[in-house]
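These notes concern the structure reproduced below.
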Amino acid sequence: MRIVVTGSLAFDYIMSFPGYFKDHMLMEKAHILSVSFLVDSMRKMRGGVAGNIAYNLALLGERPLLVGAAGSDFHDYRTWLERHGVDATGVAIIEDEFTASCFINTDRANNQLVAFYPGAMGYDHTNSLVARGLTGDDLVLISPTTPEAIERFAIECQQMGVPYIFDPGKQAPRLAPEHIALGLKGAKVLVGNDYEFGMMARKLDISEEELIASTPLTVITKGEQGSLIYTDGHLAAAIPTAPVQAIVDPTGAGDAYLAGLALGIARDLPLDVTGRIAALAATYAIEHRGCQEHWYLRTDFATRYREAFASECPLELLRSAEVA
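Structure follows, in structure tokens:
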């Protein structure tokens with residue numbers, strides 16, 4: 062089974078301002094606001110939901126096919142992904158655009174000023190899954206990107222009979238009810254956090270219980286409370302969190318979780334094992350600043366799995382050669 066990951070690709074520009082934004086703003090002059098902040102550090106980091114998921118899948122031993130759109134500045138990012146085992150041949154390069162970019166400036170009180178430029182992501186809907194030789198034995202992960210791209214990938218999977226995981230994520234508030242309903246129509250798995258499920262249920266004018274029962278497999282993540290996995294609307298497994306060595310940055314933890322979930326589903330592992338693999342994968346992201354700054358050997362992952370859950374990690378997880 063091939064795992065295909067669709068969704069956003071982006072760069073995150075993380076900046077730190079050593080003072081407080083409020084000390085440089087005159088609220089009585091807010092109608093003509095013009096301020097400049099001299100930051101003392103900036104890091105350019107690889108991101109985007111699809112890129113993060115694909116990277117984590119590669120760490121777990123898969124060779125996922127990444128399908129998305131990026132700009133002319135994507136070369137080094139592509140090299141990074143390919144070096145770690147991601148098939149990036151599905152990334153369309155938009156030569157006259159930049160890869161989507163998020164500029165985040167944080168002050169000493171953790172207040173943030175954020176600017177997001179979608180760039181090449183706006184062309185994601187021009188990509189296609191049709192000519193990629195997918196069959197019912199493959200698995201597509203539809204993760205957040207533009208509503209037009211989400212709709213296209215869902216329709217193509219339905220037409221080709223390819224099972225897919227539907228994860229609207231942070232795009233759930235932006236998606237129209239018809240887009241959500243279309244995604245649910247042929248989904249094998251629905252994934253979201255507690256808030257996103259409430260948002261989707263409200264948009265569809267149904268109860269959360271009805272939403273949970275709308276797909277064969279449903280996964281709700283609840284942060285520190287772990288996650289719940291349902292089959293046909295009935296609770297099948299309550300997944301605990303894995304012990305975290307240090308909470309550094311929760312950004313990207315959900316993407317790492319999705320990678321573990323997709324791996325378990327693709328390999329037809331038991332649901333409780335699948336959820337625990339996903340939970341442990343998420344901890345590595347939490348323990349590092351940035352979404353693709355963590356790395357591990359799969360033998361080390363198996364050891365930590367055993368220590369966290371007092372059971373053996375499935376041997377299938379170790380079948381591939383270690384990442385160089």
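Each residue of the sequence shown is one higher than the last, beginning at 62 in our numbering.
For each residue, glycine too, the CB sits at the ideal point set by N, CA and C.
This one's a predicted model, so the numbers in the text were calculated from it and none came from an experiment.
Item checked: beta strand (DSSP E) segments (min. 3 residues) lying fully within the region 157 to 222 -> The beta strand (DSSP E) runs of length 3 or more contained entirely in the region 157 to 222 are, from start to end of the chain, 161 to 167, 173 to 178, 200 to 203.
Note to self: Just to confirm before moving on: does the CB-CB distance between Ala-299 and Gly-287 stay below 8 Å?
What the structure shows: Within the sequence shown, numbered from 1, the residue matching residue 299 stands at position 238. Within the sequence shown, numbered from 1, the residue matching residue 287 stands at position 226. In contact: Ala-299 and Gly-287 (Cβ atoms closer than 8 Å).
Next item on the list: May I have the straight-line CA-CA distance separating Ala-124 from Phe-159, to the nearest angstrom?
Entry: Residue mapping note: residue 124 aligns to position 63 of the sequence shown, counting from 1. Residue mapping note: residue 159 aligns to position 98 of the sequence shown, counting from 1. According to the sequence displayed, residue 124 carries Arg and not Ala. About 26 Å.
Note to self: Looking at the strands, I want to know which residues DSSP matches up with Arg-107.
What the structure shows: Here residue 107 corresponds to residue number 46 of the sequence shown, with the count starting at 1. Answer is Phe-72.
Note to self: My assumption, with CB atoms under 8 Å, is that Leu-190 sits in contact with Val-175. Please give the rounded CB distance.
What the structure shows: On the sequence shown, residue 190 is found 129 positions in, with the first residue counted as 1. On the sequence shown, residue 175 is found 114 positions in, with the first residue counted as 1. Leu-190 to Val-175, Cβ: 31 Å. No contact.
Item checked: C-alpha distance - Arg-365 paired with Phe-98, whole-angstrom precision -> As a working note, residue 365 is residue 304 in the sequence shown. As a working note, residue 98 is residue 37 in the sequence shown. Each residue's alpha carbon lies about 43 Å from the other.
Next item on the list: Excluding the 5 residues preceding and the 5 following Ala-119 in the sequence, name in chain order all residues of the same chain whose CB lies nearer than 6 Å to its CB.
Entry: The residue given as residue 119 occupies position 58 in the sequence shown. Hits under 6 Å: His-145, Gly-146, Val-147.
Checklist line | Beta-carbon proximity list for Gly-194, same chain, < 6 Å, skipping 5 on both sides | finding: The residue labelled residue 194 in the question sits at position 133 within the sequence shown. The answer is none, since no qualifying residue turns up.
Checklist line | Top-ranked residue by Cα proximity to Val-305, from Gly-294, Pro-277, Gly-336, Glu-348 | finding: Here residue 305 refers to the residue found at position 244 of the sequence shown. Among Gly-294, Pro-277, Gly-336, Glu-348, the Cα nearest to that of Val-305 is on Glu-348.
Checklist line | Those residues which DSSP pairs with Gly-253 across a bridge | finding: Residue 253 sits at position 192 when you count from the first residue of the sequence shown. Gly-253 is bridged to Ile-281.
Checklist line | Contact set for Ala-210: own chain, Cβ-Cβ below 6 Å, skip 5 residues either direction | finding: As a working mapping, residue 210 is identified with position 149 in the sequence shown. So the list reads Asp-185, His-186, once near-sequence residues are dropped.
Next item on the list: Could I get the ranges of all uninterrupted beta strand (DSSP E) runs contained in the region 108 to 133, with 3 residues as the minimum, in chain order?
Entry: 126 to 132
Notebook entry, point to check: Should Ala-303 and Thr-360 be called a contact, given that it needs their Cβ atoms to be closer than 8 Å?
Noted result: Along the sequence shown, one-based indexing puts residue 303 at 242. Along the sequence shown, one-based indexing puts residue 360 at 299. No, the pair does not count as a contact, with Cβ atoms beyond the cut-off.
Check: Which partner residues does Thr-292 have in the DSSP bridge list?
Finding: Within the sequence shown, residue 292 is the residue found at index 231, counting from 1. Looking at the DSSP assignment, Thr-292 forms a beta bridge with Leu-278, His-295.
Item checked: Residue environment, Tyr-81, which counts as buried when at least 16 other CB atoms sit within 10 Å -> Taking the sequence shown and counting its residues from 1, one reaches residue 81 at position 20. The residue is exposed, with fewer than 16 neighbouring Cβ atoms inside 10 Å.
Checklist line | Nonlocal neighbours in the same chain, by C-beta distance under 6 Å from Glu-383, ignoring five residues either side | finding: Counting from one through the sequence shown, the residue named residue 383 turns up at place 322. The pLDDT assigned to Glu-383 is 45, lower than 50, so where the model puts this residue is not dependable; a value taken from the coordinates is nonetheless given after this. Counting only Cβ-Cβ distances below 6 Å, and skipping sequence neighbours, we find Leu-358.
Note to self: Under 8 Å, with one C-beta from each stretch per pair, do the region 121 to 138 and the region 318 to 329 reach the 3-pair mark?
What the structure shows: yes
Margin query: DSSP has Ile-155 in a bridge; who is on the other side?
Written below: Counting from one through the sequence shown, the residue named residue 155 turns up at place 94. Answer is Gly-132, bridged to Ile-155.
Check: In chain order, which alpha helix (DSSP H) runs of at least 4 residues are fully inside the region 347 to 374?
Finding: 359 to 370
Item checked: Cβ pair Ile-241, Pro-229 closer than 8 Å -> As a first step, residue 241 is located in the sequence shown; it is residue number 180 there, counting from the start. As a first step, residue 229 is located in the sequence shown; it is residue number 168 there, counting from the start. Yes, the pair counts as a contact, with Cβ atoms nearer than the cut-off.
Checklist line | Minimum Cβ-Cβ distance from Phe-227 to chain D less than 8 Å | finding: No chain D appears in the structure shown, which is made up of a single protein chain.
Check: What is the DSSP secondary structure of Thr-150, counted as helix, strand or coil?
Finding: Within the sequence shown, numbered from 1, the residue matching residue 150 stands at position 89. In the structure shown, Thr-150 sits in a strand (DSSP, three-state: E or B).
Item checked: Whole-angstrom C-beta distance between Arg-107 and Gln-353, which should lie under 8 Å -> The residue you call residue 353 lines up with position 292 of the sequence shown. The residue you call residue 107 lines up with position 46 of the sequence shown. Confirmed, Cβ separation roughly 5 Å.
Item checked: Under the three-state DSSP convention, the category Phe-227 falls into -> Locating residue 227 in the sequence shown gives position 166, where the first residue counts as 1. If DSSP states are grouped into helix, strand and coil, Phe-227 belongs with the strands.
Item checked: Range covered by the alpha helix (DSSP H) that runs through Ile-273 -> Here residue 273 corresponds to residue number 212 of the sequence shown, with the count starting at 1. 269 to 273 is the span of the alpha helix (DSSP H), which, as asked, contains Ile-273.
Next item on the list: Verify whether the separation of the beta carbon atoms of Arg-169 and Pro-79 is less than 8 Å.
Entry: Translated into positions along the sequence shown, residue 169 becomes position 108. Translated into positions along the sequence shown, residue 79 becomes position 18. Cβ distance < 8 Å, so Arg-169 and Pro-79 count as in contact.
Margin query: Is it buried or exposed, Ala-385, if we count other Cβ atoms within 10 angstroms and call 16 or more buried?
Written below: For the purposes of this step, residue 385 is taken as the residue at position 324 of the sequence shown. Interpretation of Ala-385 is limited by its pLDDT of 41, a score under 50 that renders its predicted location unreliable; no figure is taken from the coordinates.
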